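The next block holds one structure in the form of structure tokens; read it before the comments.
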Amino acid sequence: MATENTKVNLTGIVLAGGRSSRFGFNKLKIKVDTVPLFIDQIFKLSFFCDEIIVSTSKSHYSIVSSELNKIRIYQKKYDFEKIKVSNIKKYLKTNFKNFPEKLSTYPNIKTNIRIISDESDVDNLNTSNSLNITNSEKITPSHKGKGPVIG
């Protein structure tokens with residue numbers, strides 16, 4: 001039985017594919033006030049997720065990368081200093097101009113952010129933190145009694 005002090009490792013997944021066929025526009029352009037919606041979701045997930053995976057298409061990878069470069073500006077908009085991104089260079093293909101070092105001054109929460117844009121990225125994921133994907137039809141949580149958090 002989980003108690004208030006029980007640590008549960010979770011991986012958050014942000015789907016940032018881009019253009020919506022139903023809405024007819026690029027969802028990556030949606031903003032909450034002046035902050036892109038997918039960045040807003042990264043901030044919110046960072047409070048209870050050990051890592052955040054941003055899934056996007058190759059054609060939208062540059063948009064996601066560009067917005068992640070601005071994460072410090074967006075962080076000030078939220079007026080909190082609890083985000084730390086670690087090991088990002090290990091998972092990302094582009095260098096975000098000292099992005100990990102810029103955020104290393106925020107020790108309260110350690111969150112890994114990964115961007116995946118094709119099947120080879122998915123194959124290289126270490127899913128031990130929250131989900132064990134055994135085949136394309138079955139997803140089982142690696143932590144007992146808990147499933148993925150979807151929001």
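Going left to right, the sequence shown walks through residues 1 to 151 as UniProt numbering numbers them. Ideal placement from N, C-alpha and C gives every residue a C-beta, glycine not left out. Note that the structure is predicted; figures quoted are calculated from it, not measured.
Identify, in the order they occur along the chain, each residue of the same chain with its Cβ nearer than 7 angstroms to the Cβ of residue 13, setting aside the five sequence neighbours on each side.
Counting only Cβ-Cβ distances below 7 angstroms, and skipping sequence neighbours, we find 53 and 55.
For the alpha helix (DSSP H) that contains residue 15, what are its first and last residues?
For residue 15, there is no enclosing alpha helix (DSSP H); the enclosing beta strand (DSSP E) has its first and last residue at 11-15.
Distance, Cα to Cα, residue 37 vs residue 9?
Straight-line Cα distance between these residues: approximately 24 angstroms.
Is it right to say residue 68 is buried, meaning 16 or more other beta carbons lie within 10 angstroms of its own, or is it exposed?
With 16 or more other Cβ atoms within 10 Å, it is buried.
Decide if the stretch 43-51 is in contact with the stretch 19-33; the criterion is three or more beta carbon pairs, one per stretch, under 8 angstroms apart.
Verdict: no, contact absent.
Could you tell me which residues DSSP pairs with residue 31 in its beta bridges?
36.
How big is the Cα-Cα spacing for residue 41 and residue 61?
The alpha-carbon atoms of residue 41 and residue 61 are separated by roughly 17 angstroms.
Rounded separation between residue 32 and residue 77 - CA only
Near 11 angstroms, if we compare the C-alpha coordinates of residue 77 and residue 32.
Tell me the DSSP secondary structure of residue 72 in three-state form.
The answer is helix: DSSP assigns residue 72 an H, G or I state.
With 16 other CB atoms within 10 Å as the buried threshold, where does residue 34 fall?
Its Cβ having fewer than 16 others within 10 Å, residue 34 is exposed.
For residue 71, count neighbouring C-beta atoms within 10 Å of its own C-beta (all shown protein chains included) and say buried if the count is 16 or more, exposed if not.
It is buried - the Cβ of residue 71 has at least 16 other Cβ atoms within 10 Å.
Sequence-distant residues of its chain with Cβ nearer than 6 angstroms to residue 45 (five each side left out):
Residues of the same chain with a CB within less than 6 angstroms of the CB of residue 45, apart from the 5 flanking positions on each side, are 12 and 52 in chain order.
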